[in-house]
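Take a look at the structure below.
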Amino acid sequence: MMEIKRKMGIAHFARRIKQPRGIWVKMAFVVVLGLCFVFFWSFLSSYASSFNVQRESFDDIAEPVSSRTKPARNEVTESSKSHEKSKVESGLKSKEAKHVGGGSVHKHETKKKKEHVVVSHPPHKKKDLPKPVVVVEEEEEAVVKEVQEQVEAETEESESNKEDGEEGTESDNNEGESDGNGDESNASADEEVEEKKEEVEISKKRKRKGPVFDPKAEYSWRLCNTRSKHNYMPCIDNDGLIGRLQSYRHRERSCPKKPVMCLVPLPHDGYDPPVPWPESKSKILYKNVAHPKLAAYIKKHNWVNESGEYLTFPQNKTAFSGNVLQYLEFIQEMVPDIEWGKNVRIVLDIGCSESSFVAALLDRDVLTVSLGLKDDLVDLAQVALERGFPTFVSALANRRLPFPSGVFDIIHCSACRVHWHSHGGRLLLEMNRILRPNGYFILSSNNEKIEDDEAMTALTASICWNILAHKTEEASEMGVRIYQKPESNDIYELRRRKNPPLCKENENPDAAWYVPMKTCLYEIPSAIEQHGAEWPEEWPKRLETYPEWLTSKEKAVGDTDHWKAMVNKSYLTGLGIDWLHIRNVMDMTAIYGGFAASLVNQSVWVMNVVPVHSPDTLPFIYERGLIGIYHDWCEPFGTYPRSYDLLHADHLFSRLKNRCKQPASIVVEMDRLTRPGGWVVVRDKVEILEPLEEILRSLHWEIRMTYAQDKEGMLCAQKTLWRP
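For any residue, its number in the numbering used here is found by taking its place in the sequence shown, counting from 1, and adding 40.
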């Protein structure tokens, strides 16, 4: 009955509207609708404004807003989702002091299970290489083409940024830093945003379960199509639009948006096995490092000669006139406390010139790391690696070098053309951060400008460096200055002008992965539980010395004993590796440096890589007289292709299970780092080694040995010359 009355009422109202006087009814109806609209609009607006205020309050304790970040257009409709995200970000903010550079964020258990199984492994049979697979998933094919598509529409790149921003590194605005005038505060804020995004992504991925490698994936490979071709370094060489307009080298590290899944081609004239050590100190194969600008460089310098198919390096010749041995003796005469190979063991050489300085120090038991500065002049860092010298490639601009604080005994800069006093002296303050208290900074140059001389004098005085000597070496006509960093904080209090200021107490001096340089002075460690408070023991005693500040001494001793036994009983004799052709070695997951310490009597050097998500053990590695670097294996490493003879990965993939977007790209990076004929030794869980073996086979690596026991196993493979 009520339904009939309602329908009759509606019909009656419709007839009234159709009548002539119904116009008033129509107008009243419109007014009522308008009032309703205004009422609901005001209600929604007030709700949205109150929501925006709430978001601003969360911004104060969550991630800062980058100038590159576009405001969300659908904040009102997704208010609850954004509110939950803010809670997550604010929670991460409270843990910001435990940044991965400090080594205390993503701590995980480092115990190995039944690793003795490698010592006595059964004989193995060489397996035939499979035919290459031609099936490629859509996602992998897109990754392969990524480098070629970087110069396409910016709108596509911005969309890719929104999807993959958690694992990305830098946007194109870092290109403008090539002139050194970038806004440091903006860079700092942007990097904090990126770090927080990575933390959020990690927390999300931890919830995901599944195998490291996709068991359904099949791989086919193609060559990278990049401007740098056979010398491609993915996070250093830029093929983007801005890179084409300026230089193909970044002033800062900037990785591709997607994991690199293409293979670096061989040099144009092919690649031959490198000259073995120690013969490589004096000659290398030219075609292995061939570069057009290198050919022009050789014609202008007499320290390197072209002799048939080789590049030769006359003994004791340097880029400057004089004898390098006389140069070393001249330095020690000026400062007798510099006892090469005893009091001084670890040196950082800025600029990576011709490496005669590095070669001469090796004969005195001094381990020198060469920093190859990115430029377009000549690829001398690649020459140093081919000769068998420890070298890595990085920028020296706005970000910290990937080293902990207070670890280098000496930092050396000979005609390196670095303007140390520019931009508030941040570059020299970075050297002050990584230089050991009481350590030495040696600066050599043969064409000093008065303005630079005065600026350098004022800057070193402001940071309380004591100039121990300033003389000119007659043979080379090089002006040599030797500075010394203070050993205590007392002298800082005596400064009239507190500029640069002391860094804040809550800032971690060891945090170095994607951390901007600071224009401040870190206090010198004074407590016994701080590394750097005391100068280490003389070499080689320091190799087996465990300092008081090491909180896990028992684990470090156990790690050393374990690897000493493994290397002596298995690695040196049981894997089929010809160690006479092994010189450049990398431990991709160094813990306490035990693997490197076990090889100290071999004719090799080891780059100890401490992953940024692991406990920070790198200061102890340097304390032992070994070298190392921080790195995130979700990104490519900072070196040239074909740099290492042997890669050692102990449970690398199981530790990266939920961190990297595409773990197969790490295998591609291992292929890039390894020389043809080089080796990879992987220890991990069987469930990881089985699909890893298939990936290596698809890359035409020869599987030399596999062994498993109790769900743990070992894989040893050798790279071939195959390229697609």
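Built from N, CA and C at the ideal position, the CB exists for glycine as well.
Would you list, in sequence order, the uninterrupted alpha helix (DSSP H) runs of no fewer than 4 residues that lie entirely inside the segment 278–351?
Whole alpha helix (DSSP H) segments, 4+ residues: 281–285 and 332–340.
Tell me whether the beta-carbon of GLU563 lies closer than 7 Å to the beta-carbon of TRP589.
Counting from one through the sequence shown, the residue named residue 563 turns up at place 523. Counting from one through the sequence shown, the residue named residue 589 turns up at place 549. Cβ atoms of GLU563 and TRP589: not closer than 7 Å.
Per the contact definition of three or more C-beta pairs closer than 8 Å, is the segment 649–668 in contact with the segment 406–413?
These segments touch.
Around the C-beta of ASN506, are 16 or more other C-beta atoms found within 10 angstroms, so that it is buried, or is it exposed?
Numbered from its first residue, the sequence shown carries residue 506 at position 466. Flag for ASN506 reads exposed.
What are the uninterrupted segments assigned as beta strand (DSSP E) that are 3 or more residues long and contained completely in the segment 568–628, given in chain order?
The qualifying runs are 624–627.
Per the DSSP calculation, GLU379 is bridged to which residue(s)?
Numbered from its first residue, the sequence shown carries residue 379 at position 339. Partner(s): none; GLU379 has no beta bridge.
Would you list the residues sitting across from GLN758 in a DSSP beta bridge?
Residue 758 sits at position 718 when you count from the first residue of the sequence shown. DSSP, once it has assigned bridges, lists TRP719 and GLU742 as partnering GLN758.
To the nearest whole angstrom, what separates the beta carbons of ARG267 and ASP277, a pair I think is in contact under 8 Å?
Position 227 of the sequence shown, counted from the first residue, corresponds to residue 267. Position 237 of the sequence shown, counted from the first residue, corresponds to residue 277. At roughly 7 Å, the Cβ-Cβ gap stays under 8 Å, so ARG267 and ASP277 are in contact.
From what residue to what residue does the beta strand (DSSP E) around TYR680 run?
Taking the first residue of the sequence shown as position 1, residue 680 is located at position 640. First-last for TYR680: undefined, no H or E at that position.
What separation, rounded to the nearest whole angstrom, lies between the Cα atoms of PHE448 and GLY479?
Your numbering for residue 448 matches position 408 in the sequence shown. Your numbering for residue 479 matches position 439 in the sequence shown. Spanning the two alpha carbons is a distance of roughly 7 Å.
So, at 6 Å on beta carbons, what are the nonlocal neighbours of VAL768 in its own chain, with the 5 sequence-adjacent residues on each side left out?
Residue 768 is absent from the model: the chain starts at 41 and stops at 764.
Using the Cα positions of SER694 and GLY598, report the straight-line distance between them to the nearest angstrom.
For this step, residue 694 is matched to residue 654 along the sequence shown. For this step, residue 598 is matched to residue 558 along the sequence shown. The straight-line gap from Cα to Cα measures roughly 21 Å.
Which class does MET496 belong to by DSSP, given the choice of helix, strand or coil?
Here residue 496 refers to the residue found at position 456 when the sequence shown is read from its first residue. It is helical.
With DSSP as the reference, label LEU263 as helix, strand or coil.
The sequence position of residue 263 within the sequence shown is 223, counting from 1. The answer is strand: DSSP assigns LEU263 an E or B state.
I'd like the span of the beta strand (DSSP E) that includes TYR670, first residue to last.
Looking up residue 670 in the sequence shown gives position 630. That run of the beta strand (DSSP E) goes 667–671.
Kindly indicate which residue of ARG682, SER516, GLY753 and MET67 has the alpha-carbon position closest to the one of LYS357.
For the purposes of this step, residue 357 is taken as the residue at position 317 of the sequence shown. When only C-alpha atoms are compared, the closest one is SER516.
If LEU692 and MET628 are in contact, beta carbons under 8 Å, what's the gap, nearest whole angstrom?
As a first step, residue 692 is located in the sequence shown; it is residue number 652 there, counting from the start. As a first step, residue 628 is located in the sequence shown; it is residue number 588 there, counting from the start. Confirmed, about 5 Å.
Beta-carbon within less than 7 Å of LEU483's beta-carbon, same chain only, minus the 5 sequence neighbours each way: which residues are those?
The residue you call residue 483 lines up with position 443 of the sequence shown. Same-chain partners within the cutoff: CYS453 and ARG521.
Around the Cβ of ASN487, are there at least 16 other Cβ atoms within 10 angstroms (buried) or fewer (exposed)?
Counting from 1 along the sequence shown, the entry for residue 487 is found at position 447. Exposed is the call here.
Classify GLY616 as buried or exposed, calling it buried when 16 or more other Cβ atoms lie within 10 Å of its own Cβ.
Indexing the sequence shown from 1 puts residue 616 at position 576. Burial call: exposed.
Count the other CB atoms within 10 Å of the CB of PRO587; is the residue buried (16 or more) or exposed (fewer)?
Mapped onto the sequence shown, residue 587 falls at position 547. Buried: at least 16 other Cβ atoms inside 10 Å.
Run through the DSSP bridge pairs and tell me what ASN506 is partnered with.
Locating residue 506 in the sequence shown gives position 466, counting from the first residue. Per DSSP, GLN524.
For the structure I just gave you, are there three or more beta carbon pairs, one from the segment 740–759 and one from the segment 708–727, closer than 8 Å?
Result yes; three or more Cβ-Cβ pairs closer than 8 Å.
Taking C-beta to C-beta, are CYS504 and PRO526 nearer than 7 Å?
Position 464 of the sequence shown, counted from the first residue, corresponds to residue 504. Position 486 of the sequence shown, counted from the first residue, corresponds to residue 526. Closer than 7 Å, so yes.
So what does DSSP say about MET471, is it helix, strand or coil?
If you number the sequence shown from 1, residue 471 lands on position 431. Looking at MET471 - three-state DSSP - the assignment turns out to be helix.
Alpha carbon to alpha carbon, how far is TYR532 from CYS560?
Taking the sequence shown and counting its residues from 1, one reaches residue 532 at position 492. Taking the sequence shown and counting its residues from 1, one reaches residue 560 at position 520. Straight-line Cα distance between these residues: approximately 12 Å.
Given a threshold of 16 other Cβ atoms within 10 Å of its Cβ, counted over all protein chains shown, does VAL71 qualify as buried or as exposed?
Within the sequence shown, residue 71 is the residue found at index 31, counting from 1. By the neighbour-count rule (16 or more Cβ atoms within 10 Å), VAL71 is not buried but exposed.
Anyone know if the C-beta pair for VAL304 and ARG712 falls short of 7 Å?
Counting from 1 along the sequence shown, the entry for residue 304 is found at position 264. Counting from 1 along the sequence shown, the entry for residue 712 is found at position 672. Yes, the pair counts as a contact, with Cβ atoms nearer than the cut-off.
Taking ILE386 as part of the alpha helix (DSSP H), name the residues at either end of that continuous run.
In the sequence shown, the residue the question calls residue 386 occupies position 346. Not the alpha helix (DSSP H): ILE386 falls in the beta strand (DSSP E), residues 386–390.
Where do the ends of the alpha helix (DSSP H) carrying PHE635 lie?
Here residue 635 corresponds to residue number 595 of the sequence shown, with the count starting at 1. Counting along the chain, the alpha helix (DSSP H) containing PHE635 begins and ends at 634–638.
Excluding the 5 residues flanking GLU709 on each side, which residues of the same chain have their C-beta closer than 6 Å to its C-beta?
Here residue 709 refers to the residue found at position 669 of the sequence shown. For GLU709, where only same-chain residues beyond five positions count, the Cβ hits under 6 Å are PRO676.
Looking only at DSSP bridge pairs, what is TRP553 linked to?
Indexing the sequence shown from 1 puts residue 553 at position 513. According to DSSP, which records beta bridges pairwise, TRP553 is partnered with nothing at all.
From SER610 to TRP603, what does the alpha carbon distance come to, in whole angstroms?
Here residue 610 refers to the residue found at position 570 of the sequence shown. Here residue 603 refers to the residue found at position 563 of the sequence shown. Straight-line Cα distance between these residues: approximately 10 Å.
Could you tell me the alpha carbon to alpha carbon distance between PRO556 and TYR337, rounded to whole angstroms?
Taking the first residue of the sequence shown as position 1, residue 556 is located at position 516. Taking the first residue of the sequence shown as position 1, residue 337 is located at position 297. Roughly 34 Å between the two C-alpha positions.
Whose C-beta lies closer than 6 Å to the C-beta of PHE370 among residues of the same chain, with five residues either side of it excluded?
Here the question's residue 370 lines up with position 330 in the sequence shown. GLU513.
For the beta strand (DSSP E) that GLY370 lies in, which residues bound it at each end?
As a first step, residue 370 is located in the sequence shown; it is residue number 330 there, counting from the start. Note on identity: in this sequence residue 370 is Phe, with Gly being the wrong assignment. Note, PHE370: premise wrong, no beta strand (DSSP E); alpha helix (DSSP H) at 364–374.
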